[in-house]
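Numbering (the numbering used here), first residue to last: 15 to 114. Glycine residues also receive a C-beta, built at the ideal position from the N, C-alpha and C atoms.
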Amino acid sequence: MLPFRLTNGLAIYQRYINDVLFNYLNDFYTAYLDNIIIYSKNELEHEEHVYKVLQRLCEASLQVNIKKSEFSVKRIKYLGFIISTDGIKTDLEKTAVINQ
Numbered sequence: 015m016l017p018f019r020l021t022n023g024l025a026i027y028q029r030y031i032n033d034v035l036f037n038y039l040n041d042f043y044t045a046y047l048d049n050i051i052i053y054s055k056n057e058l059e060h061e062e063h064v065y066k067v068l069q070r071l072c073e074a075s076l077q078v079n080i081k082k083s084e085f086s087v088k089r090i091k092y093l094g095f096i097i098s099t100d101g102i103k104t105d106l107e108k109t110a111v112i113n114q
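In structure tokens, the structure reads:
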């Protein structure tokens with residue numbers, strides 16, 4: 015929760031997350047605010063990556079809501095896209111079609 019009158023709160027939070035996880039940024043993780051994606055080539059590597067990210071978040075006193083988390087999935091919806099092992103597609107549920 016952000017205090018009232020905090021200017022650029024979302025940008026500051028994004029910068030904080032990127033600073034906490036900087037060593038892993040674009041190597042095996044990307045984030046938009048509190049939406050963190052960890053991607054890996056295989057299951058063993060993925061377990062190591064998840065552990066590293068969770069460890070770093072714990073060290074920064076940040077918590078993860080396990081109920082909202084998904085682990086070891088091959089397809090996710092993220093920021094209006096569907097990202098899978100087959101590639102990236104537009105999420106049609108988030109795309110508005112305007113009839114003229």
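**Report entry** Simplified DSSP assignment, three categories, for Ala25
**Finding:** helix
**Report entry** Where Tyr53 sits in the DSSP three-state scheme
**Finding:** coil
Query - As assigned by DSSP and simplified to three states, the class of Leu76 - result: coil
Requested in this report: Return the Cβ separation of Leu47 and Gln28 in integer angstroms, given the expectation that the two are a contact with Cβ distance under 8 Å.
Outcome: 6 Å
Query - Three-pair Cβ contact test at 8 Å for the stretch 79-88 versus the stretch 20-40 - result: no
Query raised in the report: Between which two residues does the beta strand (DSSP E) containing Phe95 stretch?
Result: 95-98
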